[in-house]
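So the sequences go chain by chain: U and Y. Taking our numbering, the leading residue of the first sequence gets 20, the next gets one more, and so forth. Taking our numbering, the leading residue of the second sequence gets 20, the next gets one more, and so forth. Don't be surprised by glycine CBs; every beta carbon is placed ideally from N, CA and C.
2 protein chains.
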Amino acid sequence: MTYWDPIETMPREELEDYQLKKVRATVRHAVKQSPYYARHIPKECRDVRTMQDIARLPVCDKDDIRKDQEAMPPLGRMLCVPEEKVVYISASSGSTGAPTASPFTQRDFDEWIDYEARLFYSSGLRNTDRYCHALNFSLFVGGPCVLGAQKVGALSIHAGTIPSERLIKIIDQFKPTVIWTTPSYAWYLGETAEKMGFDPAASSIKRLFVAGEPGGSIETTRRRIESLWNASVHDYYGISDIFGACAGECTAKEGLHLAEDHMLLEVIDPETNEHVAEGEKGEMYLTTLRKEARPLIRFRTGDIVTYETDRCSCGRTHLRLTGIHGRVDDMLIIKGVNVMPSAIESIIRSNEDLTGEYRLVVTRENHLDSLTVETEHVDRFKGNLALLEQKIQHDIKAALGVSARVVVYDEDTLPRATHKAKRIIDKREHVWNE
Amino acid sequence: MTYWDPIETMPREELEDYQLKKVRATVRHAVKQSPYYARHIPKECRDVRTMQDIARLPVCDKDDIRKDQEAMPPLGRMLCVPEEKVVYISASSGSTGAPTASPFTQRDFDEWIDYEARLFYSSGLRNTDRYCHALNFSLFVGGPCVLGAQKVGALSIHAGTIPSERLIKIIDQFKPTVIWTTPSYAWYLGETAEKMGFDPAASSIKRLFVAGEPGGSIETTRRRIESLWNASVHDYYGISDIFGACAGECTAKEGLHLAEDHMLLEVIDPETNEHVAEGEKGEMYLTTLRKEARPLIRFRTGDIVTYETDRCSCGRTHLRLTGIHGRVDDMLIIKGVNVMPSAIESIIRSNEDLTGEYRLVVTRENHLDSLTVETEHVDRFKGNLALLEQKIQHDIKAALGVSARVVVYDEDTLPRATHKAKRIIDKREHVWNE
């Protein structure tokens, strides 16, 4: 067996017919079942006959999902099935710190697992492999994709996020051939192993699947990880609103294949709102094609990408993301967790001991991202500074799940902005593939 | 539908016929496929014709599994299928700190999920429920049982172990009706909620499934949790060598039903090695009846239990564990994690700065177990004491996954034992149901 699913090599023309049919069905399902879509999609746009008609459909974004779920908690009016049919939610944190939920029916969930198996298989995973899942299983990352590895037949080790020394011991004992983690952690783990006297290059690991950060497609980062582990790095891209992993690198490594039977891609110039040509940068819009519980129609991902549609040397016809170049918005990704500066702002600004001024400094130490939040106490504050710092740190951790270093200065220490505040100082190198 | 599976009400006579047939098949499968069982089970015991014949089969225990997996890493010679067929392992830590693996084929895994669904259904879970899984997903607890809740059709929220404030926010936002956690954490979480101004008794939670510790069957603990949350507590018992949950309380709450189509129970007097009568205490031996990857035959669980076989008022015929009364061995359960004192001993004794003397003090603060490791440095040690304590703490965390407080005294501070060392001081009340 060369491919997991015959659809992977479907000629593009057929694939586009398939997509068009699925977009039509999705729009019909959405406006029929969901009060949100019934209102959101004008009657005159509902009859999608050509690919050009798709561009007439209204877009939606994370903020629309959030407002919808706040208005009708917890799953919102975008939901297209009775809640009894929902068996799973993945969730992501966002600009207010409140997670938004992405609901799945059992069919959606099974399709996700099958799709995950397809991606893993394309990256070389086989039933003779041992797969170690070293990503967080909690709400905010979407661990159940490990079931995709089990579907391939690989022996799966649900490690989760555990102390590095323990993970190294598990690698030593169970000898996984494949590990899934973030690129920065893969790097850090390799160096930790070396310090423990365990040679990662001589270990059982032959492939690393990396996700959650752009590092896997950044040549220098990738090469460092590959040489450290003497193993092949395969980059993955996910978006919790759709699937834990939406695209991944096959063994030919000519970009990240996106399953075009599950998602329709559009790449749009954020200035002109026009489609950009292949190879050019633009914002990625995705339309789900098979989602039952909560289809997304022209969902603005906020990610700036480039893509190519010519056949990959692996034989697969589905398009490849050839670069993920950054974010349209200010979102930071810290250790694989999405952090909107506005979420931190709302914590700072709800604390009466603080002036409301703040600055976020992101650095990379030992290949791990580190976030420092600098802020100021008001003049009248006479309390214990260390306790205040601890409280803010705790509030950030509780709301966002991210450990930040917090430094509280005297009032008027931080620079005031004259025009647009420069609140983010990102000292990391090569965070985005530019 | 009243029951998940018709087998739950099978008349006991039929059930025992079924079990006998399955034990015979299991022994045949084991001696044919596994070099361990081929050597371990004498030829003259292999023909199991009556329940009495079962008592002639040799027993095995955790230590046998460990030695077998150490001799032939990582899965040992007990494995009864080619490794390509293994898709999942659950694992538990033990006396040396090295986890032992419990392997599953896809069929075993699917049966586990279905069995989990059966237990949850018997406790009242339905497809209209929202289920919040707040147990750890990592290797050492076996989180995938959350898939059982999905199989029932409940909306499942994979929370995992996250900070309490965050979990409360998730409860507030997604309004789960059921939560699964440890009893001590259920208690602590309820009190944390109150401190945050969130009234657990007024929350969406209607049922708590608790596991990992005996608290759910201890009347005082159960009543406190039930009144705090204004919700029903259902106790669960699991053993990672077999299933994440092996027994659970139905809505009648007359003990924990054990699926007798999956496991054969024997309760044995540890002194005489004879079967004890119903209602009397003895060590629980389990024989798996359907496991493909690694059947266990007469596995000594180390748990002291009582059981009853008369029909439960819920109508189910499968026997009920009416008490889990403690351990045969010294194992501690700290926050749901099994801790063998010998694992800590091996860390202490491999550190040249320490005398090798130690004492484990277990307390309960805010309903959470807390482990303090007291030890001594050698006279010649002139280093930084705080750093030494930190190192030991770190080594314990890395090996066992448990956070312990470590106190290093001067040489000869701890009491020396004249006969048998009293190394464990358990200050918790009502840890076991005695």
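Original post:
If you scan the region 166 to 222 of chain U from start to end, which runs of the alpha helix (DSSP H) of 4 or more residues do you find wholly inside it?
Top reply: Restricted to the region 166 to 222 of chain U, the alpha helix (DSSP H) segments that are unbroken, complete and at least 4 residues in length are 183 to 193, 202 to 214, listed in chain order.
**OP:** Rank Y:ASN249, Y:ALA173, Y:ASP83, Y:GLY267 by C-alpha distance to the C-alpha of GLU232 of chain Y and give the top, closest one.
**Re:** Residue Y:GLY267 holds the alpha-carbon nearest to the alpha-carbon of GLU232 of chain Y among Y:ASN249, Y:ALA173, Y:ASP83, Y:GLY267.
**OP:** Taking only the alpha-carbon atoms, compute the straight-line gap between PRO101 of chain Y and ASP127 of chain Y and give it to the nearest angstrom.
**Re:** Approximately 14 Å, taken between the alpha carbons.
**OP:** Using 10 angstroms around the beta-carbon of GLY334 of chain Y, count the other beta-carbons present and answer buried if the total reaches 16, otherwise exposed.
**Re:** Of the residues assessed, GLY334 of chain Y falls on the exposed side of the cut-off, its CB having fewer than 16 other CB atoms within 10 angstroms.
Original post:
VAL78 of chain U to SER121 of chain Y, Cα distance in whole Å?
Top reply: If you take the alpha carbons of VAL78 of chain U and SER121 of chain Y, they lie about 48 Å apart.
Subject >> chain U within 7 Å of ASP133 of chain Y, Cβ atoms only >> reply: Closer than 7 Å: no.
**OP:** Could you tell me the boundaries of the beta strand (DSSP E) in which GLU393 of chain U lies?
**Re:** 387 to 396 is the extent of the beta strand (DSSP E) around GLU393 of chain U.
Original post:
Cβ of ILE181 of chain U less than 7 Å from any chain Y Cβ?
Top reply: Chain Y, which has a Cβ nearer than 7 Å to the Cβ of ILE181 of chain U, makes this yes.
Original post:
What did DSSP end up calling SER157 of chain U once you bin it into helix, strand or coil?
Top reply: Three-state DSSP puts SER157 of chain U in coil, outside helix and strand.
Subject >> SER53 of chain Y (DSSP reduced to helix, strand or coil) >> reply: DSSP places SER53 of chain Y in coil when its eight states are reduced to three.
**OP:** Report yes if the CB atom of LYS401 of chain U is closer than 7 Å to the CB atom of HIS344 of chain U, and no otherwise.
**Re:** In this structure, HIS344 of chain U does not lie closer than 7 Å to LYS401 of chain U by Cβ.
Original post:
What residues of chain U sit near THR147 of chain Y, judged by a beta carbon separation below 9 Å?
Top reply: The answer, in chain order, is GLU102, GLU103.
Subject >> Closer than 7 Å to chain Y by CB, GLU371 of chain U >> reply: Not flagged as an interface residue toward chain Y: GLU371 of chain U, since no C-beta distance is shorter than 7 Å.
Subject >> Per DSSP, cross-strand counterpart(s) of CYS151 of chain Y >> reply: Paired residues: Y:ILE176, Y:ILE198.
Original post:
When you check each C-beta in the region 391 to 420 of chain Y against every C-beta of chain U, which residues fall closer than 9 Å?
Top reply: Residues HIS413, ASP414, LYS416, ALA417, ALA418, LEU419, GLY420.
Subject >> Nearest-angstrom Cα separation, counted from ASP66 of chain U out to ILE415 of chain U >> reply: Taking the CA atoms as reference points, ILE415 of chain U sits about 46 Å from ASP66 of chain U.
**OP:** Quick one: list the residues of chain Y neighbouring SER121 of chain U, beta-carbon separation under 7 Å, in chain order.
**Re:** The contact set of SER121 of chain U on chain Y, defined by CB atoms closer than 7 Å, is empty, because the minimum CB distance reaches about 12 Å.
Original post:
Count the other CB atoms within 10 Å of the CB of GLN409 of chain Y; is the residue buried (16 or more) or exposed (fewer)?
Top reply: Exposed: under 16 other Cβ atoms inside 10 Å.
Subject >> Short Cβ contact (7 Å threshold) for SER175 of chain Y with TYR107 of chain U >> reply: Yes, the Cβ-Cβ distance between SER175 of chain Y and TYR107 of chain U is below 7 Å.
Original post:
Between PRO93 of chain U and GLN192 of chain Y, is the Cβ-Cβ spacing less than 7 Å?
Top reply: Yes. Within cutoff.
**OP:** For SER157 of chain Y, return the contacting residues in chain U, with the cut-off set at a CB-CB distance below 7 Å.
**Re:** Within chain U, the C-beta atoms nearer than 7 Å to that of SER157 of chain Y come from HIS177, ALA178, GLY179, ILE181, in chain order.
Subject >> Straight-line gap, GLY113 of chain U to VAL427 of chain U (C-alpha atoms, nearest Å) >> reply: Residue confidence is low: GLY113 of chain U scores 46 on pLDDT, short of 50, so the model does not pin down where it sits. Its coordinate-derived value is still stated next. Rounded to whole angstroms, GLY113 of chain U and VAL427 of chain U show a C-alpha spacing of 24 Å.
**OP:** Locate the alpha helix (DSSP H) running through HIS337 of chain Y, then write down its first and last residues.
**Re:** Membership of HIS337 of chain Y in any alpha helix (DSSP H) is not indicated, and neither H nor E is assigned to it by DSSP.
Subject >> Residue-level contact to chain U via CB, VAL425 of chain Y, 7 Å cutoff >> reply: Taking Cβ atoms only, chain U never reaches closer than 7 Å to VAL425 of chain Y, which makes this a no.
Original post:
Would you say TYR107 of chain Y reaches chain U, if we count a Cβ-Cβ gap shorter than 7 Å as a contact?
Top reply: For TYR107 of chain Y, at least one C-beta of chain U is nearer than 7 Å to its own C-beta.
Original post:
Are any of the Cβ atoms in chain U nearer than 7 Å to that of ASN452 of chain Y?
Top reply: Annotation note: pLDDT 41 at ASN452 of chain Y (below 50); position unreliable, coordinate value reported separately. No Cβ of chain U is located within less than 7 Å of the beta carbon of ASN452 of chain Y.
Original post:
What's the C-alpha gap between THR394 of chain U and GLU302 of chain U?
Top reply: Each residue's alpha carbon lies about 32 Å from the other.
Subject >> Selected residue, minimal CA-CA separation from THR341 of chain Y, among Y:THR328, Y:VAL347, Y:SER332, Y:MET350 >> reply: If we check each option's Cα against that of THR341 of chain Y, Y:THR328 comes out closest.
Subject >> One or two residues paired with THR306 of chain U in a DSSP bridge >> reply: Partner(s): U:LEU283.
**OP:** Pick helix, strand or coil for ARG317 of chain Y, following the three-state DSSP scheme.
**Re:** Note: ARG317 of chain Y maps to coil in three-state DSSP.
Subject >> Three or more C-beta pairs below 8 Å linking the region 207 to 215 of chain Y and the region 163 to 172 of chain Y >> reply: Output reads no: the region 163 to 172 of chain Y does not touch the region 207 to 215 of chain Y.
Subject >> Cβ contact check for the region 146 to 157 of chain Y and the region 232 to 246 of chain Y: 3 or more pairs under 8 Å >> reply: Not touching, per the Cβ criterion.
Original post:
Counting Cβ pairs closer than 8 Å, one from the region 351 to 360 of chain Y and one from the region 375 to 390 of chain Y, do we hit at least three?
Top reply: Short answer: they touch.
Original post:
If you draw a straight line from the C-alpha of TYR326 of chain Y to the C-alpha of CYS265 of chain Y, how long is it?
Top reply: About 14 Å.
Original post:
Since GLN71 of chain U contacts LEU283 of chain U with CB under 8 Å, what's their CB separation in whole angstroms?
Top reply: The Cβ separation is near 13 Å, so there is no contact.
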